[in-house]
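Take a look at the structure set out below.
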Amino acid sequence: MEYEGKYKVFDLGRIRTYPLSKRSNKVALSDLVFPKDLGALSLDLPQDVQDDIRTVAQAVVAARREGSPVLLFTGAHLIKNGLGPLLVDLVERGCLTLVAGNGATAIHDFELALIGETSENVPAALDKGQFGMAYEFAYINMALAVGNQQKLGCGESLGRMICDEKFRGSILALAAREDSVSQFRYPEVSVLAACYRRGIPFTIHAGIGTDVIDQHPSFDGQAKGGCSGRDLLIYTNEVAKLTEGGVVLNVGSAVTGPEVLLKAISMAANVGSVPQGILTADFDLREHEPRQMTDESAQGYYFRDQKSVVTRIPQAFDGRGLYIQGDQKQTFPFLCKRIIEAL
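Following the working numbering, the numbering of the sequence shown begins with 975 at its first residue and continues without gaps.
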């Protein structure tokens, strides 16, 4: 990136990278949860949480039968926790019309598709200046650069890189080097790939400076912002289809997911596409106190997921909001199991 202002800037050209194959990771393929594993999982949840999840599952299935949208926004930990294959299964079953995430969501998915491992051992790398410095992140930056030239979205560019050999070849021609991994060995565990194959948008709502790809000489903020900006419009277009109901799920995204949804809802309503009678559900760990949602002196008022996803949005449009409290390693598999049973 060029800079012509009056301040000094950091020179990304000085950054030293190393092969991803040499990195220490905490999550491998053996840690992933697949649909076939659901029956053997011990899912110990309070009865009221189980009941609410069943309500969500039934709403998802009913919405799809009626042709209404089902949107799911997830934070990065759903992938880090090994639950990506369950999300892939929902995509392949046609249970979702859009998946969304932040930059880290896409990065963990990319790593699993490429090498079958993710979740860098940060303490082991940080003091050496190696955190986030695996060379192969250049593939993501190059995919966004090419995607931006072709006016594509972020998730579409990354999904296409994994699935489309010709497109991937154009990326590797720009970025691959002899000691780098150049083949996606495990595309079957990738949500990006599943969405691309199915023709379902995976929108990435990225920040600048929030992701390890931003640390690299190949980083181009214009490309990242352009692709992610288009994803916002793709996402909002899907939100605008909620005029006759539908379901919006927010799984483990405390700020980005709720804020993107809030803006998209406002944009849709502004042009007359009012989301009527939708069910929203927020899956997170924190306790939820409904009375705090209108009390600016209470800490709960500032939890964006609870205030926007569970309270403000459904109340504004005659919908219903549910808060599903619990470890997503328990609640999300339970949801998937109930959806499959209800199909």
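No residue lacks a Cβ here, since even glycine has one placed at the ideal position from N, Cα and C.
For clarity, every value in this text was computed on a predicted model and none was experimentally measured.
- Query: What residue from E978, N1115, G1075, T1217 has the CA that sits closest to Q1196's CA?
  - Reply: As a working mapping, residue 1196 is identified with position 222 in the sequence shown. Closest option to Q1196, Cα to Cα, is N1115.
- The alpha helix (DSSP H) enclosing I1178, as first and last residue numbers: The residue given as residue 1178 occupies position 204 in the sequence shown. Unbroken run through I1178 is the beta strand (DSSP E), 1176 to 1178; no alpha helix (DSSP H).
- Query: Taking the continuous beta strand (DSSP E) assigned at E1040, which residues delimit it?
  - Reply: Against the sequence shown, residue 1040 aligns to sequence position 66. No beta strand (DSSP E) holds E1040; DSSP gives it neither H nor E.
- Message: Only counting the same chain, and skipping five residues up and downstream in sequence, which positions put a Cβ closer than 6 Å to that of L1223?
- Response: In the sequence shown, the residue the question calls residue 1223 occupies position 249. L1046, A1255, listed in sequence order.
- According to DSSP, is L1207 helix, strand or coil? Residue mapping note: residue 1207 aligns to position 233 of the sequence shown, counting from 1. Helix.
- Task: Using beta-carbon positions only, say whether G1121 and E1110 come within less than 8 Å of one another.
- Result: Looking up residue 1121 in the sequence shown gives position 147. Looking up residue 1110 in the sequence shown gives position 136. Cβ distance not < 8 Å, so G1121 and E1110 don't count as in contact.
- Could you please give the first and the last residue of the uninterrupted beta strand (DSSP E) stretch that includes G1075? Translated into positions along the sequence shown, residue 1075 becomes position 101. Note, G1075: beta strand (DSSP E), 1072 to 1075.
- Task: Find the nearest neighbour of P993 within the set G979, A1108, F1084, judged by alpha-carbon distance.
- Result: Residue 993 sits at position 19 when you count from the first residue of the sequence shown. Residue A1108 is the option with its Cα nearest to P993.
- Query: Residues bridged to N1258 by DSSP?
  - Reply: As a working mapping, residue 1258 is identified with position 284 in the sequence shown. Rather than Asn, the amino acid found at residue 1258 in this sequence is Asp. According to DSSP, D1258 bridges with Q1299.
- Query: From which residue to which residue does the beta strand (DSSP E) around E1270 run?
  - Reply: For the purposes of this step, residue 1270 is taken as the residue at position 296 of the sequence shown. Careful: E1270 lies outside any beta strand (DSSP E) and carries neither H nor E.
- Drop a sphere of 10 angstroms on the beta-carbon of P1288, count the other beta-carbons inside from all chains shown, and report buried for 16 or more, exposed for fewer. Here residue 1288 refers to the residue found at position 314 when the sequence shown is read from its first residue. Classification of P1288: buried, given that the 10 Å Cβ count is 16 or more.
- Message: Assuming A1117 is part of the alpha helix (DSSP H), what are its boundary residues?
- Response: Position 143 of the sequence shown, counted from the first residue, corresponds to residue 1117. Start and end: 1111 to 1123.
- Query: Could you give the C-beta distance for I1053 and V1186, rounded to a whole number, given that I count them as a contact under 8 Å?
  - Reply: As a first step, residue 1053 is located in the sequence shown; it is residue number 79 there, counting from the start. As a first step, residue 1186 is located in the sequence shown; it is residue number 212 there, counting from the start. That pair is no contact at about 14 Å.
- Would you check if there are 3 or more beta carbon pairs closer than 8 Å linking the region 1056 to 1073 to the region 1036 to 1046? yes
- Query: Are at least three pairs of beta-carbons, each pair with one atom in the region 1303 to 1310 and one in the region 1242 to 1253, less than 8 Å apart?
  - Reply: no
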